[in-house]
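My numbering numbers the first residue of the sequence shown as 587 and each following residue consecutively. For glycine and all other residues, C-beta sits at the position ideal for the given N, C-alpha and C. Values in this document were obtained by computation on a predicted structure and should not be read as measured data. Please read the structure below before turning to the comments.
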Amino acid sequence: MSENQNAAPRTPAISLPTSFALSFDGDTIAQAPAARESGTESIRKPRVRASELEGRGWLNTGGKQLTLADLKGKIVVLDFWTFCCVNCLHVLDELRELEARHRDVLVIVGVHSPKFVHEADPVALAAAVERYEVEHPVLDDPNLVTWSNYAARAWPTLTVIDPEGYIVASMSGEGHAHNLEILVDELIAEHEHKGTLHRGDGPYVAPEPAATDLRFPSKIVGLESGNLLVTSAGQHQVVELAADAETVLRRIGTGSRGFADGDFAAAAFSEPNGIALVPAALREQGFDYDVVVADTVNHALRGINLARETVTTLVGAGTQWMQGEPVGGADPLAAKLSTPWDVTYSREVGAFIIAMAGVHQLWAFDPLAASLSVYAGTTNEGLVDGPLAESWWAQTSGLTEAPDGTLWFADSEVSALRSIVPGPDARVVTHVGKGLFDFGHVDGDAADALLQHNVGVGVLPDGSIAISDTYNSALRRFDPVAGEVTTLARDLREPSDTLVVNNADGSSDVLVVESAAHRITRISLPQDLSEGAQKVLGEAQRTQRPVTEIAPGDVRLEVIFVPPTGHKLDDQFGPSTQIQVSSTPPELLLAGAGDGTDLVRTLTLNTAIDEGVLHVAARAASCDADPAVEFPACHMHQQDWGVPVRIAVDGARSLELPLLG
């Protein structure tokens, strides 16, 4: 991007794309598409007045109900998010530095628009705001009122409002931090010159911190000593507990967000989640660590030696892997990962399998060769079984290896339980789960059973599978022999992992990590697990979002992307744009499905089907356009949309999705 010039009296133009469509309060302002060229044209567009911010209430404001009038004179960025969404969490991290740098003129407002039923619970939302250290006001929008008023179609979506209350930009997906920085600088210069920028404290009021031994614990393992290791994501620590699962013996990490190796008092993590024991055979071969930790927001794997009390980075440079970049490399400390959420060692594969939630894949780390590779997944988000390289995953958040070598997975965004039997002909099999937008609490035959954003999975004493059914607040059980799902326990607060412990009298307990209750809960297991199980016949549920009415026949789809100011499309390694289109049900699309590089295509809809969901995944790469820059900075912009549509005679004949516009 070009350097910003702040010198008065010049009034900088706001860079917007030459094609756009905005819909607010039922009014649409549109400009016909122009020729696509490298760079953007800095021109004025018709100004659209921002809609009022409406919802159930506010968080992080000290109890004040904010209005747009309260934000007059500030640059406002609306961040439409939902706390289940890993891409939304990426954007929260992208915004931290921008927010800190411009806190006197910039107000970020998180508009929480839930995908799952559980996310509409105000208590759950308040917990998520604390868990992810959201340090700006959050509007609770459970009925998607503000979402609809601003024509949001995807999580995450960012909308920028100038100090006079007009919308100046909208963008979907992640990877926009650099462009936002440029835009904010331009708006500061313009509105200081006009006298419409008001500096000073914003409306954020920090909540009172709570003191607990654990804070949003995530995963748990048992040590040979009988002690327990728990990742305490909200404290940025790994905590060692006694066998009673209550007594804190020692803490690993400073307790502040950071990325540093060293002894236990100096080392730093950033929201560690996954943790895996290192097999004795590996330690004997020189891999001198007791556990491996998936350090989620640091995009790294860390090794802990309990005797030496040291933390060492094994893989990861602390930066997020993006589409188009190589996986691994000669130096594991220079490698990039993307939000590793869990990790386990597979004896059959001979590697640590990583749930790479940020890119909907499974990766493998060979600790002896210090090599990193993709194990399964295409990076497309969805529920597609089959050969590993062709499978689709959706924010996998938990995994474990059964005694027979089978790998089991909690695939959270599709509310699914899946497995892989490693080997040369390994395939992905889904046992429970319907897709991205279908969920619920339904027991019975696995083909009909439903989960809700499950993030943990474990093996029970009889070989059945324990499912931490997080958003149903339940511990579920899948019997792979009977092909049946039952409920073992309810009224748990966001369970995220389990660990079976055997007692001296021959009985067994299961330790459940209750993440939102900040504790480990012990549940006694009956000898016959089928005896103590319940069958819950709940309701099937679907994600509720506004439906777009589309005309029957041919419809023009356009993903709007123009490179940010000072950038050009990056085609040095092939096409700079990619789009993939599919539908649920597949029969909804008679033509137009599949992969391509053109961001505009014609879809032919099946008039025999009344409604469905269009799935669109788009990526675009841009780099600095200045030829004098020897090593230009490059950025990947990407987003997946799931657009509910209904066929209507008077529906729209075009669908425009702004990746950056």
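Anticipated Cβ contact below 8 Å, residue i with residue j, distance rounded
i: residue 831; j: residue 1205; result: So it is not a contact: roughly 44 Å between Cβ atoms.
i: residue 667; j: residue 742; result: 5 Å
i: residue 1047; j: residue 1111; result: 7 Å
i: residue 1104; j: residue 803; result: 7 Å
i: residue 977; j: residue 913; result: Their Cβ separation, rounded to whole angstroms, is 16 Å, which puts residue 977 and residue 913 out of contact at 8 Å.
i: residue 877; j: residue 815; result: 6 Å
CA-to-CA distance, residue j to residue i, given in whole angstroms
i: residue 626; j: residue 740; result: Low confidence applies here, because residue 626 scores a pLDDT of 32, under 50, leaving its location unreliable and the question unanswered by this model.
i: residue 1069; j: residue 1121; result: 14 Å
i: residue 1030; j: residue 1071; result: 5 Å
i: residue 1195; j: residue 1240; result: 18 Å
i: residue 1095; j: residue 1005; result: 24 Å
i: residue 760; j: residue 1135; result: 27 Å
i: residue 1057; j: residue 1106; result: 17 Å
i: residue 747; j: residue 1243; result: 19 Å
i: residue 610; j: residue 634; result: The predicted model places residue 610 with a pLDDT of 27, which falls under 50 and marks its position as unreliable; any figure quoted below should be read in that light. Answer to the nearest angstrom: the Cα atoms are 8 Å apart.
i: residue 1086; j: residue 869; result: 24 Å
i: residue 911; j: residue 1222; result: 10 Å
i: residue 897; j: residue 727; result: 41 Å
i: residue 1237; j: residue 916; result: 54 Å
i: residue 988; j: residue 696; result: 40 Å
i: residue 1055; j: residue 1080; result: 8 Å
i: residue 1174; j: residue 1138; result: 11 Å
i: residue 615; j: residue 899; result: At residue 615 the pLDDT is 27, less than 50, meaning the model places this residue with poor confidence; the figure from the coordinates comes in the next sentence. Cα to Cα, residue 615 sits roughly 51 Å from residue 899.
i: residue 981; j: residue 825; result: 25 Å
i: residue 908; j: residue 924; result: 8 Å
i: residue 847; j: residue 1116; result: 46 Å
i: residue 651; j: residue 791; result: 12 Å
i: residue 612; j: residue 677; result: Low per-residue confidence applies at residue 612: pLDDT is 28, beneath 50, and the placement is therefore not dependable enough to give any value.
i: residue 1245; j: residue 963; result: 23 Å
i: residue 1026; j: residue 1144; result: 33 Å
i: residue 875; j: residue 864; result: 7 Å
i: residue 762; j: residue 682; result: 13 Å
i: residue 1131; j: residue 757; result: 19 Å
i: residue 1101; j: residue 1082; result: 6 Å
i: residue 948; j: residue 997; result: 11 Å
i: residue 1186; j: residue 777; result: 36 Å
Closest by C-alpha distance to residue i, when choosing among the options
i: residue 1296; options: 945, 999, 888; result: Residue 1296 lies beyond the range of the chain shown here (587 to 1247); nothing can be said about it.
i: residue 1155; options: 1169, 1131, 1184; result: 1184
i: residue 983; options: 769, 670, 1021; result: 670
i: residue 724; options: 641, 800, 802; result: 641
i: residue 1001; options: 1129, 1192, 1144; result: 1129
i: residue 842; options: 1112, 861, 818, 918; result: 818
i: residue 1210; options: 1149, 1176, 1230, 1187; result: 1149
i: residue 821; options: 689, 919, 693, 883; result: 883
i: residue 1089; options: 1097, 1083, 1082; result: 1097
i: residue 534; options: 1169, 1164, 1188, 1189; result: Absent from the model: residue 534. The displayed extent of the chain is 587 to 1247, so no value can be given.
i: residue 856; options: 1192, 1021, 891, 717; result: 717
i: residue 691; options: 698, 679, 663; result: 663
i: residue 751; options: 693, 757, 1043, 1066; result: 693
i: residue 672; options: 1234, 1229, 1225; result: 1225
i: residue 902; options: 865, 943, 880, 836; result: 880
i: residue 1308; options: 986, 1023, 638; result: Only positions 587 to 1247 of the chain appear in this structure, which leaves residue 1308 out of reach.
i: residue 688; options: 722, 713, 676; result: 722
i: residue 851; options: 1041, 776, 1082, 837; result: 837
i: residue 885; options: 700, 773, 929; result: 929
i: residue 840; options: 829, 854, 1040; result: 854
i: residue 872; options: 861, 891, 665; result: 891
i: residue 935; options: 965, 943, 993; result: 993
i: residue 861; options: 985, 966, 766, 827; result: 985
i: residue 744; options: 991, 680, 1003; result: 680
i: residue 1036; options: 1124, 1099, 950; result: 1124
i: residue 1192; options: 1231, 950, 1186, 1127; result: 1231
i: residue 647; options: 793, 833, 895; result: 793
Any C-beta of chain D under 8 Å from that of residue i
i: residue 652; result: Checking the listed chains, one finds no chain D in this structure; it contains a single protein chain.
Complete beta strand (DSSP E) runs within the region 648 to 714 (minimum length 3 residues, chain order): As far as the region 648 to 714 is concerned, its whole beta strand (DSSP E) runs of at least 3 residues are 661 to 667, 692 to 698.
Any beta strand (DSSP E) of 3 or more consecutive residues that is wholly inside the region 912 to 953: 926 to 932, 937 to 942, 947 to 952
Start-end ranges of the beta strand (DSSP E) lying completely within the region 1145 to 1213, minimum 3 residues: DSSP runs (the beta strand (DSSP E)) wholly in the region 1145 to 1213: 1153 to 1155, 1163 to 1170, 1175 to 1177, 1180 to 1182, 1186 to 1191, 1197 to 1210.
Inter-stretch contact (C-beta, 8 Å, three-pair minimum) for the region 648 to 657 and the region 727 to 739: No: fewer than three Cβ pairs fall under 8 Å.
Touch test, the region 804 to 821 against the region 771 to 790, Cβ-Cβ under 8 Å, three pairs minimum: no
Length-filtered (3 minimum) beta strand (DSSP E) runs lying within the region 811 to 882: With a minimum length of 3 residues, the continuous beta strand (DSSP E) runs that stay inside the region 811 to 882 are 814 to 818, 823 to 827, 834 to 838, 858 to 863, 877 to 881.
Entirely enclosed beta strand (DSSP E) segments - the region 967 to 1008, minimum 3 residues: 982 to 987, 993 to 997, 1002 to 1006
At least three beta-carbon pairs within less than 8 Å, the region 1011 to 1030 to the region 971 to 986: Yes: the two stretches touch, three or more of their Cβ pairs being nearer than 8 Å.
4 or more residues per run - each alpha helix (DSSP H) lying fully within the region 731 to 790: Listed in chain order, they are 731 to 735, 763 to 780.
Secondary structure, beta strand (DSSP E): runs of 3+ residues fully inside the region 881 to 908: 886 to 891, 896 to 901
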